[in-house]
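Here the structure is laid out as C-alpha cells; the discussion comes afterwards.
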Amino acid sequence: MADIHSFESLAAVDGEGIRFDIFFTGCPLKCVYCHNPDTRFGSGKDYTAEEVFNKAKRFKPYFRNGGGVTFSGGEPLLNAEFINELAPMLESENIGCCIDTSGSVKLNDSVKKAIDGADMVILDLKFHNPESYKKYTGGEFENFIETGDYCTKTGKRLWLRTVIVPGINDTKEDIDRYALLAKRFNFEKYELLPFHTMGFFKYENLGIENPLEGTPPLSPEKLTELRDYLNSII
Ligand code: SF4
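Okay, so the sequence shown: first residue is 106 according to our numbering, each after it adds one.
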C-alpha cells in the first residue's frame, strides 16, 4: 500500500508524451521554494499497487509517442518498494514509467531496483554545493550525487531540472556552477524552471510558515537570459 496525494491524468510535463502522474505523499526535504507543501504530509488515502495499475491502464491509448506513468510527489522513491511492485504490472501492458525525484533518498537496493525498472529519471539539481543544499532543502547533497552517479553509471536516460529563485540562485555564476556539476552526469536535457508564487496559498491553508513569503516570481526575461546562458556553456 502507498499513501497517494493525487493523480493527474493526461499531464503533458514530467516526462515524454502524455503522462499519468502519481503524486506520492511524504518527502525528506523541506525546499524553501516548494510549491507542493501539501504533498509532504500524509493524505490518508491508501492504494494498493493493483488499484493504481487499474487507474493508469485506462489511459493506455494516450501513451503513444513515449507517454506513460510518472512517479512524482512528494518524493516517490520513499515508496520504492511500492514502485517495484507496480512497475512490472505496467510493463506487462507495455506502459513505460518515469521517476521524478529529488534524489534525496539514500540509494539502497529498493531504490536502485526502482531506478533500474524505469525508462527514465528526472532528477532535481536543486543546489550546486552541499552548504546551499543543506540550507535551502534540509537534505544531504551526497544522496543526490549518489543518485545522479547511479543513473549515469547504469546508462539511465536522465533529465535534470533546477528551479531558479530570485536572490538565491539566479546569477550567471550560479549557472556556471550548476553546469559544472551537471557535467559529471550523462544527461539528455537540463531545464531551468522559474520560481513562482502559485503555491503560496497552500502554506496558508496548511498553517505552516512560508520561508519565501514576499519573494517575487522569477521574471520571464531573467529566465530566458539564464536559459540562453546555460545552453551556451553546456
Ligand atoms: S523535494 Fe519537492 S515536494 Fe519535497 S520539499 Fe522539495 S519541492 Fe517540495
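Glycine included, C-beta positions come from ideal geometry on N, C-alpha and C.
Per DSSP, Cys202 is one residue of the beta strand (DSSP E) stretching across Gly201 to Thr206. Spanning the alpha carbons of Asp221 and Lys165 requires a straight line of approximately 22 Å. Between Leu331 and Leu230, the alpha-carbon positions lie close to 15 Å from each other. If you ignore the 5 residues before and after Lys217, its C-beta comes within less than 7 Å of the C-beta of Tyr255, all in its own chain and listed in chain order.
Per DSSP, the continuous alpha helix (DSSP H) segment holding Gly222 begins and ends at Asp214 to Gly222. Pro133 is positioned such that its CB atom lies no closer than 8 Å to that of Leu311.
The Cβ atoms of Phe290 and Leu263 lie closer than 8 Å to each other. The beta carbon of His140 lies closer than 8 Å to those of His301, Met303, Gly304 and Lys307 in the same chain, with the five residues before and after it left out.
Pro235 and Thr257 have their C-alpha atoms some 20 Å from each other. In the DSSP annotation of this structure, Gly260 is not part of any alpha helix (DSSP H), being labelled neither H nor E. The shortest C-alpha to C-alpha distance from Asn213 to any of Lys239, Asn248, Ile200 and Arg124 is the one to Asn248. In chain order, Leu335, Ile338 and Ile339 place their CB closer than 7 Å to the CB of Ala284, counting only its own chain and leaving out the 5 sequence neighbours on each side. Looking at the DSSP output, Ala284 sits in no beta bridge, so it has no partner there.
For Val226, DSSP records a beta bridge to Ile204 and Leu263. Rounded to the nearest whole angstrom, the CA to CA distance from Met194 to Ser324 is 43 Å. Shortest Cα-Cα distance from Ser215 to any of Leu265, Arg163, Glu309 and Leu183 involves Leu183. Beta-bridge analysis with DSSP links Phe129 to Ile109. Look at the beta carbons and you see the segment 269-289 not touching the segment 155-170: under three pairs across the two are nearer than 8 Å. At least one heavy atom of the ligand SF4 is found less than 7 Å from the C-beta of Leu134.
Rounded to the nearest angstrom, the Cβ distance from Cys202 to Ala192 is 6 Å, consistent with a contact under 8 Å. In the three-state reduction of the DSSP assignment, Phe249 falls in the helix class. In the DSSP secondary-structure assignment, Ser177 is bridged to Phe128. When the beta-carbon positions are compared, Ala107 and Phe129 come within less than 8 Å of each other.
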